[in-house]
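Letter by letter, the sequence shown follows residues 378 to 578 in the working numbering.
Each residue gets a CB set at the ideal place from its N, CA and C atoms; glycine is no exception.
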Amino acid sequence: MASAQPGVHALKLQPPCVSHTLRNGSNFIKWDEDLSTVTPVTLHVDPHGFYLFWTDQNKDTELLDLTFVKDVRTGRSTKPPKEAKLRELLDVGNLVGRLENRMVTVVTASDLVNVGQLNFIASQEDEAKLWCEELFSLATNLLSHNLNRDHSLLKAYVKLTLQPNAEGKIPVKNIGRLFSSDRKRIENALESCKLPNGRVS
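Here is the structure:
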């Protein structure tokens, strides 16, 4: 038929859209079964949707590249802690809803073998559901997995700014870790910009 459409259609990809809730952050409890630890944290996602990061009460920040996230679960798909004492610490009376429905489990993998989980507890079921849905959407965005040069540089810059030192400045050693294969060029670039270049390693 002359009016038939071609078999291949252009797919319109949308860039990541980070909601105000994820950008502003929410209070969660991060728990670790192996270490039997419970830590209050504030979860955030940067405005570009590159990283999930959390800050504890000591202002220490950890981050996770969202392209390493393979799944985000809540409700029946999660595995509550087996240890009774840990479960008791998490299932406190002032939180609303069933423990499983307040859990957010982030499944990560850098390859097919090294699979891990991060476990968080929200204060309410609706909050856990919102974070679960939006994190999964960001993690599976095709544009995030296929960055152009400019966005790759922006992603590197965002990573550096998310982990400043106590003075709010970017440590030189963090730059070294980000570009570890090119230490000499890092030192030369920092020197040419009249920036500190010691302790790159």
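Legend entry - Closest Cα partner of Leu-531 within the set Ala-516, Leu-555 and Lys-561: Considering only alpha carbons, the answer is Leu-555.
Inset, instruction - Could you say if the segment 443 to 451 and the segment 534 to 554 meet the contact criterion of at least three C-beta pairs nearer than 8 Å? - result: The answer is no - the segment 534 to 554 does not touch the segment 443 to 451, with fewer than three Cβ pairs under 8 Å.
Legend entry - Val-535 - containing beta strand (DSSP E), residue span: Element bounds for Val-535: not the beta strand (DSSP E) but the alpha helix (DSSP H), 526 to 538.
Inset, instruction - Please say whether Val-418 and Leu-429 have beta carbons closer to each other than 7 Å? - result: No, these two residues do not count as a Cβ contact at 7 Å.
Inset, instruction - Assign Pro-573 to buried or exposed, taking buried as 16 or more other Cβ atoms, counted over all protein chains shown, within 10 Å of its Cβ. - result: Answer is exposed; the Cβ neighbour count stays below 16.
Inset, instruction - Check whether the Cβ atoms of Ala-499 and Arg-475 lie closer than 7 Å to each other. - result: Not a contact, by the Cβ cut-off of 7 Å.
Legend entry - CA-to-CA distance, Ile-547 to Ala-566, given in whole angstroms: Between Ala-566 and Ile-547, the C-alpha separation is close to 15 Å.
Legend entry - Through-space distance from Val-490 to Arg-526, alpha-carbon basis: Taking the Cα positions, Arg-526 is about 29 Å away from Val-490.
Inset, instruction - Would you check if the distance between the CB atom of Thr-482 and the CB atom of Gln-501 is smaller than 7 Å? - result: Against a cut-off of 7 Å, the Cβ pair of Gln-501 and Thr-482 comes out as no contact.
Inset, instruction - Could you pull out every residue in the same chain whose Cβ sits closer than 7 Å to the Cβ of Gly-323, ignoring the five residues on either side in sequence? - result: Outside the shown range of the chain (378 to 578) lies residue 323, about which nothing can therefore be said.
Inset, instruction - Drop a sphere of 10 angstroms on the beta-carbon of Asn-496, count the other beta-carbons inside from all chains shown, and report buried for 16 or more, exposed for fewer. - result: Asn-496 is buried by the Cβ-count criterion.
Inset, instruction - Would you kindly report the start and end of the unbroken alpha helix (DSSP H) that includes Glu-510? - result: That run of the alpha helix (DSSP H) goes 502 to 516.
Inset, instruction - Grab the span of the beta strand (DSSP E) containing Val-579 for me, first residue to last. - result: This structure cannot speak to residue 579, because the chain is shown only from 378 to 578.
Legend entry - Option in Ala-486, Cys-509 and Thr-416 with minimal Cα separation from Arg-453: Cα-wise, what sits closest to Arg-453 is Cys-509.
Inset, instruction - Grab me the residues of Thr-432's own chain with a C-beta within less than 7 Å of its C-beta, minus the 5 sequence neighbours each way, in chain order. - result: Excluding sequence neighbours, Thr-432 sits near Val-418, Thr-419 and Thr-438.
Legend entry - Spatial neighbours of Leu-524 in its chain, beta-carbon cut-off 8 Å, leaving aside the 5 residues before and after: Apart from the 5 residues on each side of it in sequence, Leu-524 sits with its Cβ closer than 8 Å to the Cβ of Lys-532 in its chain, given in chain order.
Legend entry - 3-residue-minimum beta strand (DSSP E) runs that sit fully inside the segment 401 to 459, ordered along the chain: Taking only runs of at least 3 residues, the beta strand (DSSP E) segments lying wholly in the segment 401 to 459 are 403 to 409, 414 to 422, 428 to 433, 438 to 442 and 446 to 450.
Inset, instruction - Give the straight-line distance between the Cα atoms of Thr-416 and Ile-406, rounded to the nearest whole angstrom. - result: Cα atoms of Thr-416 and Ile-406: separation of roughly 6 Å, rounded to the nearest angstrom.
Legend entry - Range covered by the beta strand (DSSP E) that runs through Thr-461: Checking the displayed sequence, the identity of residue 461 turns out to be Ala instead of Thr. No beta strand (DSSP E) contains Ala-461, which is instead part of the alpha helix (DSSP H) from 461 to 467.
Inset, instruction - Note the first and the last residue of the continuous alpha helix (DSSP H) segment covering Asn-496. - result: Annotation for Asn-496: no alpha helix (DSSP H) segment contains it, though the beta strand (DSSP E) segment containing it runs 492 to 498.
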